[in-house]
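Below is one structure, written out as structure tokens, with a few remarks after it.
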Amino acid sequence: MATVELQGVTKIFDKTVKALDQISFTVQNGKFFVLLGPTGAGKTTTLRAIAGLEKIDHGKILFDEEDVTTAQPAARDTAFVFQQYSLYPHYKVYDNLAFPLRSPLRKVPEQEINSKVTKIAEMLKISSKLNNKATELSGGEMQRVAIGRALVREPNIYLMDEPLSSLDAKLRESLRVELKNIQLNLGATILYVTHDQAEATTMADQIGVLENGKIAQIGSPEEIYNNPNSIYVANRLGSPKINIVKNSVLSSIISTNAYQLGLRPEHIKLGQGDLSASVKTVEALGAETVVELEYNGIEMLCLYQGSFDGQRGDNIKFAIDQSKVLFFNEDGNKIL
Amino acid sequence: MKSAVKNFKGLSDKAIAWIFITPTLILLLAINIYPLIYAIRMSFTNFYANKIGREPKFVGLKNYQKILGDEEIWEKMQITAHFVCWTLLLQALIGLGLALLLNRKFKGNELLTTLIVLPMMLSPAVVGVFWTYLYNPQVGLFNYVVNFFYDFGVFDMIGSSTLAPWSIVIVDTWMWTPFTMLICLAGLRSIPNYLYEAAEVDRASKWQQFIHITLPSVLPFLLLALLFRGIENFKMFDLVVELTSGGPGSATELASINLKREAFEKWKTGYSSAFAVILFVTIFGFGNVYVKVMNKIKER
Chain A
888 MATVELQGVT KIFDKTVKAL DQISFTVQNG KFFVLLGPTG AGKTTTLRAI AGLEKIDHGK
948 ILFDEEDVTT AQPAARDTAF VFQQYSLYPH YKVYDNLAFP LRSPLRKVPE QEINSKVTKI
1008 AEMLKISSKL NNKATELSGG EMQRVAIGRA LVREPNIYLM DEPLSSLDAK LRESLRVELK
1068 NIQLNLGATI LYVTHDQAEA TTMADQIGVL ENGKIAQIGS PEEIYNNPNS IYVANRLGSP
1128 KINIVKNSVL SSIISTNAYQ LGLRPEHIKL GQGDLSASVK TVEALGAETV VELEYNGIEM
1188 LCLYQGSFDG QRGDNIKFAI DQSKVLFFNE DGNKIL
Chain B
6 MKSAVKNFKG LSDKAIAWIF ITPTLILLLA INIYPLIYAI RMSFTNFYAN KIGREPKFVG
66 LKNYQKILGD EEIWEKMQIT AHFVCWTLLL QALIGLGLAL LLNRKFKGNE LLTTLIVLPM
126 MLSPAVVGVF WTYLYNPQVG LFNYVVNFFY DFGVFDMIGS STLAPWSIVI VDTWMWTPFT
186 MLICLAGLRS IPNYLYEAAE VDRASKWQQF IHITLPSVLP FLLLALLFRG IENFKMFDLV
246 VELTSGGPGS ATELASINLK REAFEKWKTG YSSAFAVILF VTIFGFGNVY VKVMNKIKER
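Given below as structure tokens:
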């Protein structure tokens, strides 16, 4: 495992489209780093650049301080889990898992291959499928095999491109936990790409938020959540989403020169304080309830602990936890 | 218009299916099945189609015994086997090779593909005739090109009984390699690029990528192309007749050419029917075994 560092990496497609613009970040050895961003932000391109599948136009890529910017994929020794499984269709699960170990650059004795494959298969709970053909598996099993094919190796870094995105919600949740456990047990360095904030916050040691090919912010999940440096970043994490309102809306209680304010739904306390709003919708989630309020002509989401006994049209008192309010300027950047 | 719709409304799905199938079925029965059964019946007689008025006599398995015991027939079968095996081998290797080259992206790729495919579109009779000119020992282009690389002196591809079997192999390969190439190319284009990327990250060599990804993906396509070519070449007639008419002597007299001579030059109708049945059973048998093997490979 290695520490992987990107320095000002820039990738231009078709001479005009800047897919990556001066990307710099470091994945520390043994850490789980998640790149978070919407479709088209440059997440996959970043991974492919690190693996060597995409040549970069400017910048440097370092593995343990060694420059690999121009090295071939095989020389970089990374493991890649692709979004579309990409299993070798003509081989059994066992041979798919053994494939990277049979590389001429590695020359692992067959006995060792066998013990490694068996171990990984057990870990990913696919032992019973080892003799199945790769094409005879369900989606979840295929993705386990794809992850397993990466895990049998001890590469410099594991690169994972939305590996869980095509699985159903239940399987995604359980694999998420498994993957984090595996990473902790192996002490693996993982760079993981996703647009799913739940995956990011549950697994990451560090999150890098990407915006149009640029890094918007890097930090721990807590930092990103509590201290986003722009509205864009604030919108990436948190469910229900953060409320962004103009300063005039709350001018009666907060005096500020900020243009916009950010209020997390859980920081709006219902049933206390002296502001009054009407209830628009009530969405019960079990342990908590999402309540949509209308105040001063704008809508705000708040998160209420427990079940909420009120309904559409009710008038309700609420307060705002002023110490948690975030302030942004006209461009959506944070004001200190 | 309206009444037609009305009429169709009254028909069941099954009836409509029969309406569509019947014309084909009648044609198939009339020009394939009936002659086949008729030929099988005749193969047990000593029928001569040119001897009008003479009642054919039932002779049992005598025709079959005669053919299977005839060394000359086995020679024709050997010539056919030589032709089929070599054309298939060459067309598989060259076709796959060309497909691999054309699967790369380069300028003029599509134009080149079109040019390579041209021979396949020509009439076999035309191909046969102009290759007799190309093979001409004195002025032929083929001999000129061969002698350009290594001086063999004057040689006659069609006239020599050792070279003639190779001359028909070369022409058939020239004409039909584009066919295997096209089908292999379709196979190659169906391989998703991410498999190669995965293999590259997995540190597989180019050779391993070929063995583990390219070959298994393209093999079912190649085998299918070879099945078509095998059946066609086992029945090969027109091209070879134009080129060598089975000569010199009977050096290139394929089974089908021999069959035509027995049936329509010597008019041994009963005897040649038996021979035709034997050829049919051979193709049918080989074809079935081949398809079984092919399906196994596909499943693997």
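Protein chains in written order, with this note's numbering: chain A, 888 to 1223; chain B, 6 to 305.
The beta carbon of each residue, even a glycine, is placed where N, CA and C say it ideally should be.
Do three or more CB pairs link the region 1082 to 1102 of chain A to the region 915 to 928 of chain A at distances below 8 angstroms?
-> Because the criterion of three Cβ pairs below 8 angstroms is met, the region 1082 to 1102 of chain A and the region 915 to 928 of chain A touch.
Simplified DSSP state of His945/A, which is helix, strand or coil = Reduced to three states, the DSSP call for His945/A is strand.
Could you please give the first and the last residue of the uninterrupted beta strand (DSSP E) stretch that includes Val1096/A?
-> Per DSSP, Val1096/A belongs to the beta strand (DSSP E) from Gln1093 to Glu1098.
Nearest to Asn1183/A by alpha carbon, out of Gly1193/A, Ser1165/A and Glu1175/A?
-> Measuring from the Cα of Asn1183/A, the nearest candidate turns out to be Ser1165/A.
In terms of DSSP beta bridges, what is Tyr1079/A paired with?
-> Note: Tyr1079/A sits in a beta bridge opposite Val921/A and Met1047/A.
Within chain B, partners of Thr933/A - CB distance below 9 angstroms = Going along chain B, no residue has its Cβ under 9 angstroms from Thr933/A, so there is no contact; the nearest lies around 15 angstroms.
Thinking just about the alpha-carbon of each residue, which of Phe1195/A, Ser1053/A and Leu949/A is nearest to the one in Asn1175/A?
-> What sits at residue 1175/A in the sequence shown is Glu, not Asn. Nearest of Phe1195/A, Ser1053/A and Leu949/A to Glu1175/A, Cα basis: Phe1195/A.
Inside the region 958 to 1001 of chain A only - beta strand (DSSP E) runs reaching at least 3 residues = Fully enclosed beta strand (DSSP E) runs of 3 or longer: 965 to 968.
For the region 128 to 146 of chain B, which residues have a CB atom closer than 7 angstroms to at least one CB atom of chain A, in sequence order?
-> In summary, no residue of the region 128 to 146 of chain B has a CB separated from any CB of chain A by less than 7 angstroms.
How many Å lie between Ala962/A and Glu202/B at the Cα?
-> In this structure, the CA atom of Ala962/A is about 14 angstroms from the CA atom of Glu202/B.
Looking only at DSSP bridge pairs, what is Met1187/A linked to?
-> According to DSSP, Met1187/A bridges with Leu1180/A.
According to DSSP, residues forming a beta bridge with Gln1104/A = Within the DSSP bridge table, the entry for Gln1104/A names Val1096/A as partners.
List the residues of chain B whose Cβ lies closer than 8 angstroms to the Cβ of Ser1053/A, in chain order.
-> Under the 8 angstroms cutoff, chain B gives no residues; its nearest Cβ is about 14 angstroms from Ser1053/A.
Residue range of the beta strand (DSSP E) that includes Ala906/A | Secondary structure note for Ala906/A: its beta strand (DSSP E) is the uninterrupted segment Val904 to Val914.
Close-in-space but distant-in-sequence residues of the same chain around Met6/B (CB under 8 angstroms, 5 per side omitted) = Because Met6/B carries a pLDDT of 49, less than 50, the predicted location of this residue cannot be relied on, and the following value inherits that uncertainty. There are no such residues.
Looking only at C-alpha atoms, which of Ser1163/A, Glu1109/A, Leu1213/A and Ile910/A sits nearest to Ser1142/A?
-> Residue Leu1213/A is the option with its Cα nearest to Ser1142/A.
Neighbour list for Leu1188/A in chain B, Cβ cutoff strictly below 9 angstroms | Ordered by position in chain B, no residue passes the 9 angstroms Cβ test against Leu1188/A, which lies about 40 angstroms from the chain.
Is it the case that the Cβ atoms of Lys1128/A and Leu1188/A are separated by a distance below 8 angstroms?
-> It is a contact, given that the beta carbons lie within the stated cut-off.
Taking only the alpha-carbon atoms, compute the straight-line gap between Glu1110/A and Asp1083/A and give it to the nearest angstrom.
-> Approximately 17 angstroms between the Cα atoms of the pair.
Test item: CB-CB of Ile1140/A and Phe1205/A under 8 angstroms = Ile1140/A places its beta carbon 8 angstroms or farther from that of Phe1205/A.
With a floor of 4 residues, list each alpha helix (DSSP H) that falls wholly inside the region 180 to 217 of chain B, ordered by position along the chain.
-> Whole alpha helix (DSSP H) segments, 4+ residues: 198 to 206 and 211 to 214.
Under a CB-based cut-off of 8 angstroms, is Pro1050/A close to chain B?
-> Output row for Pro1050/A: interface = no.
When we look at the beta-carbon of Ile218/B and count the other beta-carbons within 10 Å, is it buried (16 or more) or exposed?
-> Classification of Ile218/B: buried, given that the 10 Å Cβ count is 16 or more.
Using the rule of at least 16 other Cβ atoms within 10 Å of the residue's Cβ for burial, across every protein chain shown, is Asp1161/A buried or exposed?
-> With fewer than 16 other Cβ atoms within 10 Å, it is exposed.
Name, in chain order, the residues that DSSP records as bridge partners for Phe63/B.
-> Answer by DSSP bridge pairing, in chain order: Thr50/B.
Per DSSP, Asn300/B is paired with what?
-> For Asn300/B, which the question treats as bridged, DSSP gives no partner whatsoever.
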